[in-house]
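Counting the sequence shown from 1 gives a position; this note's numbering is that position plus 3.
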Amino acid sequence: MVDGKVDKPSTSVDPTSPSWARPVLTNARLAVEVFDGTGHFGMWQSEVLDVLFQQGLDIAIEESKPEDVEERNWLTINRLACGTVRSCLSREQRYAFSKETSAYKLWVALEEKFLKKNCQNKLFMKKRLFRFTYVPGTTMNDHITSFNQLVTDLMNMDEVFKDQDLALILLGSLPEEYELLETTLLNGKDDVSLSEVCAALYSKELRRKEKQISSSGDAEVLLVRGRSQKKGTDKRWRSKMKTEQL
C-alpha cells in the first residue's frame with residue numbers, strides 16, 4: 004500500500020476454461036485507492052472493476068454463472084473476486100461484508116450502501132464549485148489545479164458541464180486585481196473557453212514571476228554597487244589619513 008492505495012497484481016487467467024486455475028501473478032500492477040466511505044464511490048468502483056478485469060475475475064459480478072464455467076470454478080472465481088474487492092476497502096468498511104462469498108451480491112450491497120451517500124457528496128461538491136474562490140497567497144498554478152480537481156471529481160460522478168460555464172466560474176473566482184484580464188478575455192466575444200482562460204492566467208503568473216526576479220536582480224546590483232562605492236571611499240579616506248600622518 005502506498006499513500007492510501009493498494010497495489011493489485013494483475014493476472015493472466017481464463018476463467019471460462021475447463022482447466023481454469025488460480026491466477027498467475029505478473030509484473031503489472033494497478034493502484035486502487037482504499038475506499039473508506041468518504042471518497043467518490045463511482046470512481047473507486049471503476050478502478051476496482053479494472054483490477055477485476057486484469058485478474059480475469061470481472062465475470063464474477065454478473066448475476067448468474069456463465070454456462071461454460073464449471074460450478075466449482077465459479078465458486079473459486081467468486082471467492083477470489085470478493086477478496087479483491089474487500090482488499091480495496093478500509094478495515095471499517097470491510098467488516099460489514101467480511102462473510103460475503105458472492106461477488107455479485109457484494110457489488111450490489113456496496114452500491115446500495117454508498118451510491119445514495121455519493122449523491123449527497125455530489126451536491127456538496129457542486130456547492131463548493133459554485134462558491135470556488137481564490138485563496139490569497141496561493142499560486143495561480145495551485146488555484147487552477149484545485150479547480151480542475153474539483154471539476155474532474157464531479158465529472159467522475161457523471162456531472163456534465165459546458166466548457167464556457169467552467170471558464171466563467173474560474174474567472175469569477177479571481178480577486179479584483181484580475182478584473183482587467185477578465186475584461187480583456189470577455190470584451191467583444193460571444194464565447195470563451197476554459198483553456199483560453201487558463202493560458203491567460205498562466206501567462207500573467209509567469210510575467211509576474213519574471214518581474215519579481217528582475218526586481219530582485221536590480222536590487223542586488225544596487226547593493227553590490229553601494230558596497231563597492233563604500234569600499235572605494237574607505238580606501239581614499241585611509242590613503243588621505245596616511246598622507247597627512249607623513
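The beta carbon of each residue, even a glycine, is placed where N, CA and C say it ideally should be. Treat the numbers as computed from the prediction; the structure is a model and nothing was measured.
The C-beta distance from residue 81 to residue 63 rounds to 5 Å, short enough to meet the 8 Å contact threshold. Around the beta carbon of residue 202, a 10 Å sphere encloses fewer than 16 other beta carbons of the protein chains shown; the residue is thus reported as exposed. Relative to the Cα of residue 91, the nearest Cα in the group 137, 174, 110 belongs to 110. Here the region 54-70 makes no contact with the region 118-128; the two share fewer than three CB pairs at distances below 8 Å.
Residue burial is scored here from C-beta neighbours: residue 179 has fewer than 16 other C-beta atoms within 10 angstroms and is therefore classed as exposed. Just measuring C-alpha positions, the residue of 162, 199, 95 sitting nearest residue 125 is 162. Close CB contacts of residue 142 within its chain, under the 8 Å cut and outside five residues either way in sequence, are with 208 (chain order).
With a threshold of 16 other beta carbon atoms within 10 Å, residue 113 meets it and is buried. Within the same chain, Cβ atoms closer than 8 Å to the Cβ of residue 205 are found at 143, 144, 147, the five residues on either side in sequence being excluded. Taking residue 160 as the centre and dropping the five residues before and after it, the same chain places the C-beta of 45, 125 closer than 6 Å to its C-beta, in chain order. Spanning the alpha carbons of residue 139 and residue 177 requires a straight line of approximately 10 Å.
Counting only residues of its own chain and dropping the five nearest sequence neighbours on each side, residue 171 has a CB closer than 8 Å to the CB of 195. Cβ atoms of residue 48 and residue 87 stay farther apart than 8 Å, at about 13 Å.
Contact annotation, residue 157 with residue 188: C-beta distance approximately 24 Å; criterion of less than 8 Å not satisfied. A straight line joining the alpha-carbon of residue 36 with that of residue 198 spans about 29 Å. DSSP places residue 92 in the strand class (E or B) of the three-state scheme. Residue environment analysis places residue 74 among the exposed positions, since fewer than 16 neighbouring C-beta atoms fall within 10 angstroms of its C-beta.
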